[in-house]
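In the working numbering, the protein residues as written are 162 to 288.
Structural data, given as structure tokens:
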């Protein structure tokens, strides 16, 4: 019986070693698809969402979410002497102002993606 336990232990270790050796091979394999098809499919809605956000941020003081409206609120809070409110709103304004260049860069990137997607053969043509 002592021999059978040793054989079982060696077998178990061999099986564990095989399984451990197989795990890195699976983890190292990257996806074969970069998701270009799905990006091209969702592109119109992504562009619409980014365009609406840029338009909202560039709006005047009557547009909810615009930089100008938040700037007016910051000015009003400072004039009223509401220091805590001023600080809070000013921090939000700083972030919102930094968001605009990011979205504008994304708009330019999406135009490049749209050009690339238009140059690809349609899925119906490949069938």
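Beta carbons: idealized from backbone N, C-alpha and C, even for Gly.
Query, Result
"Report back the beta-carbon spacing between residue 267 and residue 211 to the nearest angstrom; my notes put them in contact at under 8 Å.", "5 Å"
"Exposed or buried, which one is residue 307 when buried takes at least 16 other CB atoms within 10 Å?", "Past the boundaries of the shown model lies residue 307; the chain is included only from 162 to 288, so the question cannot be answered."
"For residue 225, name the three-state secondary structure that DSSP assigns.", "coil"
"Helix or strand or just coil, what does DSSP make of residue 262?", "helix"
"Let me know the secondary structure DSSP gives residue 281 once reduced to three states.", "coil"
"Around the C-beta of residue 230, are 16 or more other C-beta atoms found within 10 angstroms, so that it is buried, or is it exposed?", "buried"
"Kindly indicate which three-state DSSP category residue 194 falls into: helix, strand or coil?", "coil"
"Please report the straight-line C-alpha distance between residue 223 and residue 214, rounded to a whole angstrom.", "15 Å"
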